[in-house]
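One line per chain: the protein sequences are A and B, in this order. For the first sequence, the positions run 14 to 104 when my numbering is used. For the second sequence, the positions run 720 to 1358 when my numbering is used. See below for the structure under consideration.
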Amino acid sequence: MPVIRVYVLSDRLAKLLQCNNASITIESGTYTINDLINSISTQIPGIKVVLDKMKDTVFVAVNGQVKYNFDEKIKVVDDVKISLFEVGAGG
Amino acid sequence: MVYSVNGRILHIDLTNNKVWVEKYGNDLLELFVGSRGIQAKLYWDLVKPEARALSSDNVLFVGSGTFTGTPLPSSGRTTVTFKSPATNMYFKASVGGDFGLKLKLNGYDIVAVHGASEKPVYVYIENDYVDVLPAEKYWGLDVRTTHVELVRKHGLGVDTLLIGPAGENLVKYASINCSVYNVAARGGGGAVLGYKKLKGIVVGNGSRSIILHDPKRFYEKSLKALFNIMKDDALIATAKFGTASATMGLDRTSTLPCYNFRKSFWENAYRNAGEYYVEAGYLVGRAGCAQCIVSCHRHTKTEKYGGVDTVGPEYETSNALGGNIGNSDTDALIKLNDLANIYGLDTISLGGVIAWVMESYERGYLKNLKDELGVEPLWGNVDAAIKLVEYITYRRGTGNLLAEGLAIACKEVGPETCKWAIQSRGLEHSRVETRIARAYALAFALNPRGPDHLHTETFAEFGFTEDARKLVKRLTGSEENAGVGKDAGRPEIVAWHEDIYAVTDSVGLCAFIDTAGFAIDELMLSELFESATGIESTPEKIMRSGERIVTLERMIQVREGRSRKDDTLPWRLLNEEITTRDGKTYTLTETTLNSMLDRYFEIRGWDVMRGLPTPNKLRELKLEFAVEEALRRLQAPVT
């Protein structure tokens, strides 16, 4: 069964979520990003609240592509890598 | 007695092979703060308005900041000033690395390079020993190889300021590289040195000490700054993910220019983001400039393209050679960045030129390039991009025209192609969508460099952090003015950023510390300046010095022919609308830009019709030497 691996890249976010990384196994199939986040929330309980409250500054990357529409469906056959991070500075 | 600086300017005349030292005192330091400000004054005195950029009449200045060499974190920035071959006007570039620190420890704050040599040379400086040495054996070598050869010759611990083949070949956007990977990229300073036949400057292990006026107070303030940096969210993110951590914030706000400013966001933007470089394993280490704990430089590697082990890419490069040319191949991006590093090219201009080539080709121009390059310059074709870098650097075939920059190339290929040549005043536009980020639009229109970020980075406009939103409220009266797509308060935001940037550059501080992060404010800047130099300072006085520098730079360019009509942006950005991720469309019209300019000139106390500092304003700022020029311009018709 595919494994969803979650990596929290930003330090402050990791502190808020009290987690640097987590993983969960799911059945193969088609899921929305929201479905995946719901699954992850069993391992990272704060994730839904954080994504809701910080929706303008937190990013979710799925297999190397940032997703803004959490209703977007993705087909899960192999393992999935999800990265979470906060908006940065730079220039 | 001067404190915190050496009070010494090293003049080198390459035409007559002469070297002399000029001393300066607190009077100059009090008025102009340090490197950028003092160099602007030297430029006013030494570079005639009619001097051509590529001539022996151009003088290039390079100097370290007033705080460089002190315990203050992130204070190792160096300013380079010259007449730009891209804009034909006064230009200042800022660069990190260790060069400025080492120069200062050798007893000089600024080096002024006059004249031109007949044969390739380089300058070696070690305390009072200054020599102009032959450089034929290094001419033609890339920056990295030259640096290694010179370190091998002069010993570990020396540092270099160098040009690569692009500078030697007078490419109009050739860079000057310090410590190989720190780049004074913009404006073609590399071509100025190339014309002078100066491969570079090597600084030895200097034995001077930096003496502070009130070391105890300065150390206390430096420690406070250090703690502020360590708890600043924006700087923590920059430390971990580099400047390319800006990519996704700009993508989300639809201010990420892609496909030559035809798109403001991109589905593959993450492939050009600092977080992705970490996630995908490209990042193998971090590096910082002298005295910096943020260490935003990225040490990256890829096994592809024969193996690349380099520094970067920064945000601007990530976008200029990434989404701007439709490139989602991170390995190719790292390769392109490395080629620009070692050839000595400005990646922003390079990316602007390549994107213009790709759009022109798509529209039926430059069809010869398919045969010339052996590949079609289509969007995202990284092989074509890599070939173009080589062609431009060595001025091969069409590369000879492209090496002149967009302003010249578009006129040659067809005037209609100038509509998608994203440049104004001869400089290719930096990587932010100015139709939506309106403080950037105003800042870019006014910037003496051209449409560029590293002079007035108004990052607070985005309001990404609480500190940024607080600053916008302080400057404009309302936190609601934070965020993109808004015009309100932009002139106030720009004027404040211009002033603090002028001070920040002059003391050698990294602008990320006080305008992207907010670890140091005006009060702390003034306290640091006073305790370092012994010159009385207040927040108002230090910001007034910033205003003085900005005003002097405007007067220099006025003397060189600039007027309000030049305060503009590239054609596309003033004539075509842009669509955001949410489907909204934005248009920045000349009327809107002019309205912001009017307000800006009012705030400045300048002549609004001409965009000209008034004689009274110049006297108020103790710039009496420029009054005569202002009076002359006031009598001329408005253009």
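Positions of the beta carbon are idealized from the N, C-alpha and C atoms, including for glycine.
Item, Value
"Test item: CB-CB of B/F751 and B/K742 under 7 Å", "no"
"Residue nearest to B/T1177 in terms of C-alpha spacing, selected from B/H1216, B/M1077, B/K935 and B/Y914", "B/H1216"
"Span separating the alpha-carbon of B/S926 from that of B/T785", "18 Å"
"Cβ of B/S894 within 7 Å of any chain E Cβ", "Among the protein chains of the structure shown, namely A and B, there is no chain E."
"Element boundaries [beta strand (DSSP E), containing A/A35]", "N34 to T38"
"Coarse secondary structure for B/K838, derived from DSSP in three states", "coil"
"Residues sharing a beta bridge with B/W1325, DSSP", "B/P1332"
"Proximity test, Cβ basis, 7 Å: B/S973 and chain A", "no"
"Short Cβ contact (7 Å threshold) for B/E697 with B/T1287", "No statement about residue 697 of chain B is possible, as the shown extent of chain B runs from 720 to 1358 and does not include it."
"Residues near B/E1255 in its chain [Cβ-Cβ closer than 7 Å; skip 5 each side]", "E1249"
"Neighbouring residues, chain B, relative to A/A74 (Cβ below 8 Å)", "Y989, E994, Y995 and E998"
"Within chain B, partners of A/G77 - CB distance below 8 Å", "Y989, R990, Y995, E998 and A999"
"Near-chain B residues of the stretch 25–42 of chain A (beta-carbon distance less than 9 Å), N- to C-terminal order", "R25"
"8 Å Cβ shell around B/M1274 - same chain, five flanking residues per side excluded", "W763, P1332, L1337, L1342, A1345, E1348 and A1349"
"Delimiting residues of the alpha helix (DSSP H) encompassing B/R1278", "P1258 to R1278"
"From A/F83, A/V79 and A/Q78, residue whose alpha carbon lies closest to that of A/D65", "A/F83"
"Close beta carbons around B/D878, own chain, < 6 Å, minus the five adjacent residues each side", "D817, F818, K821, S898 and V922"
"Cβ pair B/I1073, B/L1107 closer than 7 Å", "yes"
"Selection from B/R936, B/Y938, B/S928 and B/G1007 that minimises the alpha carbon distance to B/L959", "Per the sequence shown, residue 959 of chain B should be read as Lys rather than Leu. For B/K959, the nearest C-alpha among the options comes from B/G1007."
"Spatial distance of B/N735 from B/G782 (CA atoms)", "22 Å"
"Among B/G1280, B/E1309 and B/R1263, nearest to B/R1323 - alpha-carbon criterion", "B/R1263"
"Sufficient close CB pairs (3 or more, under 8 Å) joining the stretch 903–919 of chain B to the stretch 877–892 of chain B", "yes"
"Outcome for B/Y892 when other beta-carbon atoms lying within 10 angstroms are tallied against a minimum of 16", "buried"
"Contact with chain B by A/L22, beta-carbon distance below 7 Å", "yes"
"Contact check, B/N1200 vs B/V1191, beta carbons under 7 Å", "yes"
"Short CB-CB distance (under 7 Å) between B/G968 and chain A", "yes"
"Beta carbon of B/T1299 nearer than 7 Å to that of B/S973", "yes"
"Test: B/A1238 CB closer than 7 Å to a CB of chain A", "no"
"Strand pairing of A/E99, partner residues [DSSP]", "A/V71"
"Sub-7 Å separation of B/M1077 and B/P1210 beta-carbons", "no"
"B/E1439 (DSSP reduced to helix, strand or coil)", "Any answer about residue 1439 of chain B is impossible in this case: the structure gives chain B only from 720 up to 1358."
"B/N896 (DSSP reduced to helix, strand or coil)", "strand"
"Interface flag, A/V71 vs chain B, CB-CB below 7 Å", "no"
"Closer than 7 Å at the beta carbon, the chain B residues around A/F98", "E994"
"Nearest residue (CA-CA) to B/L975, options B/Y1034, B/F946, B/I929 and B/I1012", "B/Y1034"
"Counterpart residues of A/Q78 in DSSP-defined beta bridges", "A/V75"
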